[in-house]
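Student: Under the numbering used here, the first residue of the sequence shown is numbered 6, with each subsequent residue one higher.
Idealized CB from N, CA, C, for every residue including glycine.
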Amino acid sequence: MNETYLLADGFFIPKIGFGTFKLRGQNGARRVEAALANGYRLLDTAFKYDNEGAVGAAIKNSSVPRDQITVTSKLPGCYQRYADAMITVQESIARLGLDYIDVYLIHWPNPAKNLFVEAWQALIDAQKAGLIRSIGVCNFLPEHLERLEKETGVLPVINQIELHPRFNQAAQRAYDRSKNIVTEAWSPLGRGTDLLSNPVLAEIANQHQKSIAQIVLRWHLQLGNLPIPKSENSLRQIENISVFDFSLSEEELQLINAMSMPNGRINNQDPAVYQEL
Ligand code: A2P
């Protein structure tokens, strides 16, 4: 798995990453180390996941060279003030045991607090100081991205959003594309819910002799998304990145696109109102 997307800042990023939410402690570190051994080169953590230590330990124990791994972490809502954000970036780096972080994202806009532009300015300055390579956001709506552009002149290169067949975010993806922002998909498998036994997907999977998870991940890639599936299981980790040897037809893509629902979010986390603390 060495296919990449080109970010607007000139860096390349793997087309699939490994989600680490809930992988914590020594066991979590072993799962992340397995993911590296299984071929993942993009790791997705967050200050708020309380596992930057485990992810850092996995990187240290792995035989994969540091410069071949793209490490992503995220700024929590409680530290969006400029000075807090600057310190939190440093704290994330220390917890990961690294010299720099490849990608740092604002975790949620928290619009009611109205601090995300201040947080963004901190990420811009941390990038200038060499602490972060690429800067981006998560869960930003067009109105939030417009404010970043207008007030700082700098657009994120990534927007990580909830995105799976039940909530396919066509409008947000089109907006991101128009601004040359790569859309990353969180919960790309719908968090392993009933999506993975859906009969429409099962039929397509049967046609291709692939698993339903592989069909969903292939759909993401053909839409231009960057999915970050999480799996504790080594075989499923391998399964989830073994999706570069087949293609879905236009008709199959349309069938999957038709599964989206306006209220398809898993936990009703609407970024216009959701408060991440
Ligand atoms: P497990 O960790 O036991 O593999 P998402 O990435 O959308 O958040 O989904 C993660 C959930 O999906 C986890 O519960 C994970 O369970 C499950 N999962 C991940 N990959 C697969 C797969 N290939 N087949 C079935 N379930 C999967």
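1) What three-state label does DSSP hand Lys1 in the structure shown?
2) Thinking C-alpha only, which one of Arg46, Pro170, Gln177 is nearest Asp199?
3) Tell me the start and end of each unbroken beta strand (DSSP E) in the region 183-268 that is at least 3 residues and wholly inside, in chain order.
4) Ends of the alpha helix (DSSP H) at Thr93?
5) Give every residue of the same chain whose Cβ lies closer than 8 Å to the Cβ of Ile129, excluding the five residues on either side of it in the sequence, and list them in chain order.
6) Taking 8 Å as the cut-off, is the C-beta of Phe26 nearer than that to any heavy atom in the ligand A2P?
7) According to DSSP, is Tyr180 part of a helix, a strand, or is it coil?
8) Please confirm whether Gly61 and Arg86 have their CB atoms less than 9 Å apart.
9) With H, G and I counted as helix, E and B as strand and the rest as coil, what does DSSP make of Pro19?
10) So, with DSSP's three-state summary, where would you put Phe121?
Tutor: Let me spell this out:
1) This structure gives no information on residue 1, because the portion of the chain shown stretches from 6 to 282.
2) For the purposes of this step, residue 199 is taken as residue 194 along the sequence shown, with counting starting at 1. For the residues Arg46, Pro170, Gln177, the minimum Cα distance to Asp199 belongs to Pro170.
3) 187-191
4) Here residue 93 is taken as the residue at index 88 of the sequence shown, counted from 1. Element bounds for Thr93: 87-101.
5) If you number the sequence shown from 1, residue 129 lands on position 124. Result list for Ile129: Ile140, Thr157, Val159, in chain order.
6) Within the sequence shown, the letter at position 21 stands for residue 26. The answer is yes for Phe26.
7) By one-based count along the sequence shown, residue 180 stands at place 175. Here Tyr180 sits in helix by DSSP.
8) In the sequence shown, the residue the question calls residue 61 occupies position 56. In the sequence shown, the residue the question calls residue 86 occupies position 81. Not a contact, by the Cβ cut-off of 9 Å.
9) For the purposes of this step, residue 19 is identified with residue 14 of the sequence shown, where counting begins at 1. The answer is strand: DSSP assigns Pro19 an E or B state.
10) Reading the sequence shown from its first residue, position 116 is the one you call residue 121. It is helical.
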